[in-house]
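For reference, the structure discussed in these notes is given below.
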Amino acid sequence: MAEIAEHIKDPRFVLQTRNLTRQFDGFFAVKNVNFRLARDSVHAVIGPNGAGKTTLFNLLTKHLAPTDGAILHEGEDVTRLKMPAMAKRGVVRSFQISAVFAGLTVQENVEVALLRSSGIAWSVLGRISKRSGVTERAAALLRRFGLAEHAATMAGNLSYGRKRVLELATTLALEPKVLLLDEPMAGLGREDIGRVTALIQEARQGRTVLLVEHNMNVVAQLADTITVMVRGEILAEGPYDEVAANPDVIAAYTGRAHG
Amino acid sequence: MTTIFGVPSAVLFGQLLLGLVNGAFYAMLSLGLAVIFGMMNIVNFAHGAQYMMGAMLAWLLFNFLGIGYWSALVIAPLSVGLMGIAVERFLLRRLYGLDHLYGMLLTFGLALMAQGALSNWFGSSGQPYAIPAELAGGRNLGFMFLPNYRAWVLAASLVVCLGTWYVVERTRLGAYLRAATENPMLVQAFGIRVPRMIMLTYGAGVALAAMAGVLAAPVYQVSPSMGADLLIVVFAVVVIGGMGSIMGSIVTGFLVGLIEGLTKAFYPELSSTVVFLVMAVVLMLRPAGLFGSRLDNAGGPHEAPAEAPSSSPRTQMVLVVTLAASLIVAPLVIYPGFMMKAMIFALFASAFNLIAGYGRLVSFGHAMFLGSAGYVCGHAAKVWGLTPELAILTGTATAALLGLVSGWLAIRRSGIYFAMVTLAFAQMIYFVALQAPFTGGENGLQGVPRGMLFGWIDLSNPVNLYVFVTVIFLGGFVLIMRLVDSPFGRVLRAISNHEARAQSLGFEIDHYKCVAFTLSAALAGLAGSTKAIVTQIASLTDAHWSMSGEVLLMTFLGGVGTLLGPVIGAFVVVAMQNYLAGLGQWVAVIHGLIFAVCVLAFRRGIVGEAAAWWRRRKPHGAGPVPAPVQAASGK
Numbered sequence: 010m011a012e013i014a015e016h017i018k019d020p021r022f023v024l025q026t027r028n029l030t031r032q033f034d035g036f037f038a039v040k041n042v043n044f045r046l047a048r049d050s051v052h053a054v055i056g057p058n059g060a061g062k063t064t065l066f067n068l069l070t071k072h073l074a075p076t077d078g079a080i081l082h083e084g085e086d087v088t089r090l091k092m093p094a095m096a097k098r099g100v101v102r103s104f105q106i107s108a109v110f111a112g113l114t115v116q117e118n119v120e121v122a123l124l125r126s127s128g129i130a131w132s133v134l135g136r137i138s139k140r141s142g143v144t145e146r147a148a149a150l151l152r153r154f155g156l157a158e159h160a161a162t163m164a165g166n167l168s169y170g171r172k173r174v175l176e177l178a179t180t181l182a183l184e185p186k187v188l189l190l191d192e193p194m195a196g197l198g199r200e201d202i203g204r205v206t207a208l209i210q211e212a213r214q215g216r217t218v219l220l221v222e223h224n225m226n227v228v229a230q231l232a233d234t235i236t237v238m239v240r241g242e243i244l245a246e247g248p249y250d251e252v253a254a255n256p257d258v259i260a261a262y263t264g265r266a267h268g
Numbered sequence: 007m008t009t010i011f012g013v014p015s016a017v018l019f020g021q022l023l024l025g026l027v028n029g030a031f032y033a034m035l036s037l038g039l040a041v042i043f044g045m046m047n048i049v050n051f052a053h054g055a056q057y058m059m060g061a062m063l064a065w066l067l068f069n070f071l072g073i074g075y076w077s078a079l080v081i082a083p084l085s086v087g088l089m090g091i092a093v094e095r096f097l098l099r100r101l102y103g104l105d106h107l108y109g110m111l112l113t114f115g116l117a118l119m120a121q122g123a124l125s126n127w128f129g130s131s132g133q134p135y136a137i138p139a140e141l142a143g144g145r146n147l148g149f150m151f152l153p154n155y156r157a158w159v160l161a162a163s164l165v166v167c168l169g170t171w172y173v174v175e176r177t178r179l180g181a182y183l184r185a186a187t188e189n190p191m192l193v194q195a196f197g198i199r200v201p202r203m204i205m206l207t208y209g210a211g212v213a214l215a216a217m218a219g220v221l222a223a224p225v226y227q228v229s230p231s232m233g234a235d236l237l238i239v240v241f242a243v244v245v246i247g248g249m250g251s252i253m254g255s256i257v258t259g260f261l262v263g264l265i266e267g268l269t270k271a272f273y274p275e276l277s278s279t280v281v282f283l284v285m286a287v288v289l290m291l292r293p294a295g296l297f298g299s300r301l302d303n304a305g306g307p308h309e310a311p312a313e314a315p316s317s318s319p320r321t322q323m324v325l326v327v328t329l330a331a332s333l334i335v336a337p338l339v340i341y342p343g344f345m346m347k348a349m350i351f352a353l354f355a356s357a358f359n360l361i362a363g364y365g366r367l368v369s370f371g372h373a374m375f376l377g378s379a380g381y382v383c384g385h386a387a388k389v390w391g392l393t394p395e396l397a398i399l400t401g402t403a404t405a406a407l408l409g410l411v412s413g414w415l416a417i418r419r420s421g422i423y424f425a426m427v428t429l430a431f432a433q434m435i436y437f438v439a440l441q442a443p444f445t446g447g448e449n450g451l452q453g454v455p456r457g458m459l460f461g462w463i464d465l466s467n468p469v470n471l472y473v474f475v476t477v478i479f480l481g482g483f484v485l486i487m488r489l490v491d492s493p494f495g496r497v498l499r500a501i502s503n504h505e506a507r508a509q510s511l512g513f514e515i516d517h518y519k520c521v522a523f524t525l526s527a528a529l530a531g532l533a534g535s536t537k538a539i540v541t542q543i544a545s546l547t548d549a550h551w552s553m554s555g556e557v558l559l560m561t562f563l564g565g566v567g568t569l570l571g572p573v574i575g576a577f578v579v580v581a582m583q584n585y586l587a588g589l590g591q592w593v594a595v596i597h598g599l600i601f602a603v604c605v606l607a608f609r610r611g612i613v614g615e616a617a618a619w620w621r622r623r624k625p626h627g628a629g630p631v632p633a634p635v636q637a638a639s640g641k
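For the record, the sequence lines run as chains A and B. If you count the first sequence from 1, you need to add 9 to reach my numbering. If you count the second sequence from 1, you need to add 6 to reach my numbering.
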């Protein structure tokens, strides 16, 4: 392990993988992937259905455990860490199917994240409102994300687009250093896509962002670097124009119904 | 005579045979559970009752109509299976799409009704059922004596188990079944009538249980309660084996029977608890079970709005003051003994609601905390001579410790598995209470002194006692109210809404769940300890599984996930028991009926429905309303 770490320790990269592999009953969803996420960049992973993007994403976010290989965060081996530990290191993910706490109000959703980051989540008898400005900070975040008027709405009753915005607000409440977004535009209408794209543009300041996304317009607009995956392996990597002109990438995508 | 490790070999082989016979029943019942669960995602809590009905029917057929064993072996499974089909068609079908918990609660209610009604008609004592003449006697194998009937049970159960395995895993019908489990819509699109298939599967699973019952009739005594205790062991078997595979259920069933047999031969004191110990070890080492490939859907989001809103501090103040005032006035019109009993159960139900309502972990074993705290508190007051407050503290601490250990193991599984694991642990504690030297066994721990509170307040004075209980209840209630509203309570609700999201925000969800479970156990223990001081007795009823069912009933009837719901539910149930005490076993039938009605028509409970009604009346004023738990969209 030490030898691996020496080999790929590189301060320019926040997250790196070394021969990362995940098998499902003999099928390689991700196979020997060496992936690097450059600091302060927006990096998109694309590929046809079944290419292994989501599996790679789930491995990086600790939703899945790898069969083989290593993951490094800031040069440290984090292969065995669990999701909460990653969140505490500042690596926070979003979900493809929007993940809000449906039975909590919009305001309460954001407060939950703030409770964690302000370290009072274990207070068993205290009240939230009187504590370290959590309520005020949540309200400020909601204003910034245009959700202030829905603060008292049950999150489960929000429209789909607003749920995604709320999820982003909750994630950013933790002020993560690395933001991992799983298909942030999935299921959104054109108007919402514009809004969420703008929010991601704003959120990237001072952060590293990794996203898995199907919408090529969004990818072209946001991403500095694009990784193309096919059949569990990395096919190409580089800026949008370079990747889009790559004949292998074109071959992988032709004949498939893809937007 | 030869001995093996000091045990005569004939005894050892005899116990092993008995273990195998028990294992045959575990295998047949867990197999039926697995088939039903695989198809419908319902844990059939009526499985034990259906097994019992098979045996009872065989007994009735013989005693009233003179119909013998071999005919009963056909008639009983068919009739009980038909009843199962009716249950699926008219009741269970209404619950698809809701949380699996409701199926479990409904079948539990049905089991209570069946068991209560049959006890009422035929008494609860065991009835003998003769071995059929063809299978009487036995043969000497040289190393042991093999009764023919036992050999027949083993052979028959093997045929039934392997036959079921063959149908499900190797035939076209089985392929449709398995496909419909994975994707019912798709199979429906192939032109297969999935609802009918589900109905028949349930019927078949139930018939299997009834057939096991007929096979069991000559081995065990036939009684209305024969299924309930067996079912709990079968649940432990299911947790040990993992519900994933049919073959897994069969192998685990026989294996557990053998382990029990071995224990009976070498260390009989442990034989009734060994299954649960094995379960604990499996949970520690391999939480998905020996044959389970994956853990149950741990992170599924609950889509619909649920849970109570946090009310403002002023509303809470008004609530507590009103509650205190009515409790102070109540003894003027209501018998204080009733009030104290109701308050103790209200505290118990509120403690249960903390974990079931706000943490969405429905425990089916909370009786273990009420019961064990009662015993320890009683023992501390009676034998160690502690003052009541110290005795209560000791009892409460015991329950908390028990909660910490059992919770630490149980939270490795979620949903219905969590319910089964807690039920199994509680059964283990029940057996400990039955056998331990200081509990007084069937008689209970009697003559617990009320003593002098802090050494100077005489609790044998009825006014002092009433005030004492009121203070404890109100204190517990306020504590729970604050807990729910605290940052910790908020995180707990968030976790119950969406585990994976909570993890991704950096919460170690298992720690939160474990602490919540321990707190709930401690408060249940406070109720149990207080009960021992007030009633001056700690008894087995408080540790029995039916007590775990009662607290569930109180909470669901009153309104799960609401502050006042469990309190109101407890008062209603205790009042009902007081006024209906003359009806004997019919009380169980009424309990079961209320369960069924609550689950089918009334899922928010009294307080939840009232709040919903209030909100419909004034659409803008009030906050959100607790809604019934909806299906996890993950599966």
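Ideal Cβ positions, reconstructed from N, Cα and C, are used throughout, including at glycine.
Going by DSSP, Ile246/B is part of the alpha helix (DSSP H) stretching over 232-247. For the set Thr207/B, Met150/B, Arg418/B, the Cα lying nearest the Cα of Pro14/B is the one of Met150/B.
Taking a Cβ-Cβ cut-off of 9 Å, the neighbours of Ser132/A in chain B comprise Ser492, Pro493, Phe494, given in sequence order. Listed in chain order, the positions of the region 517-549 of chain B with a beta carbon within less than 7 Å of a beta carbon of chain A would be empty, since no residue qualifies. In this structure, Phe51/B lies near Ala117/B, with their beta-carbon atoms less than 8 Å apart. Taking 8 Å as the threshold, the shortest C-beta distance from Ser510/B to chain A falls below it. DSSP places Pro153/B inside the beta strand (DSSP E), whose first and last residues are 151-153.
In the three-state scheme derived from DSSP, where H, G and I count as helix and E and B as strand, Gln133/B is classed as strand.
Beta-bridge analysis with DSSP links Gln452/B to Ile543/B.
Taking CB atoms only, Ile129/A has a neighbour in chain B less than 8 Å away.
Using a Cβ distance threshold of 8 Å, Tyr364/B and Gly567/B count as a contacting pair. Note that the C-beta distance between Ala195/B and Gln121/B is not below 8 Å.
Rounded to the nearest angstrom, the Cβ distance from Asp516/B to Ile398/B is 30 Å, too far for a contact under 8 Å. Note that the C-beta distance between Val287/B and Thr269/B is not below 8 Å.
Sorting Ala602/B, Leu558/B, Phe608/B, Phe358/B by C-alpha distance to the C-alpha of Gly109/B places Ala602/B at the top. By the CB criterion at 8 Å, Pro230/B and Ser130/B fall inside the cutoff. The residue among Pro20/A, Gly35/A, Thr64/A with its C-alpha nearest the C-alpha of Glu242/A is Thr64/A. Residue environment analysis places Gln452/B among the exposed positions, since fewer than 16 neighbouring C-beta atoms fall within 10 angstroms of its C-beta. Taking a Cβ-Cβ threshold of 8 Å, none of the residues of chain B is close to Leu46/A; the smallest such distance is about 17 Å. Here the region 586-594 of chain B does not lie against the region 379-393 of chain B, with fewer than 3 beta-carbon pairs under 8 Å apart. Here Leu244/A is not near Ala182/A, since their CB atoms are 8 Å or more apart. Cβ proximity to chain B below 9 Å picks out Leu134, Gly135, Arg136, Ile137, Ser138, Arg140, Val143 from the region 134-150 of chain A. Boundaries of the beta strand (DSSP E) around Ala79/A: 77-82. Pro93/A has a beta carbon lying within less than 8 Å of a beta carbon in chain B.
Gly209/B is classed as buried because its beta carbon has at least 16 other beta carbons within 10 Å across all chains shown. Val49/B sits in coil when the DSSP states are folded into three classes, being neither helix nor strand.
Residue contact with chain B for Leu183/A: present (Cβ-Cβ distance below 8 Å to some residue of chain B).
Under the 8 Å Cβ criterion, the region 20-40 of chain A counts as touching the region 57-71 of chain A, having at least three qualifying pairs. The beta carbon of Gly78/A lies closer than 8 Å to those of Thr26, Arg27, Asn28, Leu29, Thr30, Asn41, Val42, Thr88 in the same chain, with the five residues before and after it left out. With contact defined as three or more Cβ pairs closer than 8 Å, the region 350-369 of chain B and the region 519-526 of chain B are in contact. For Met238/A, the enclosing beta strand (DSSP E) has its first and last residue at 234-239.
Chain A has no Cβ within less than 8 Å of the Cβ of Asn189/B. For secondary structure counted as the alpha helix (DSSP H) over 4 or more consecutive residues, the region 90-118 of chain A holds these complete runs in sequence order: 92-97. Contacts between Val121/A and chain B, judged by CB atoms closer than 8 Å, involve Arg496, Val497, Ala500, Ala508, Leu511 in chain order. For Thr445/B, the three-state secondary structure derived from DSSP is coil.
Here Met487/B is near Leu569/B, since their CB atoms are less than 8 Å apart.
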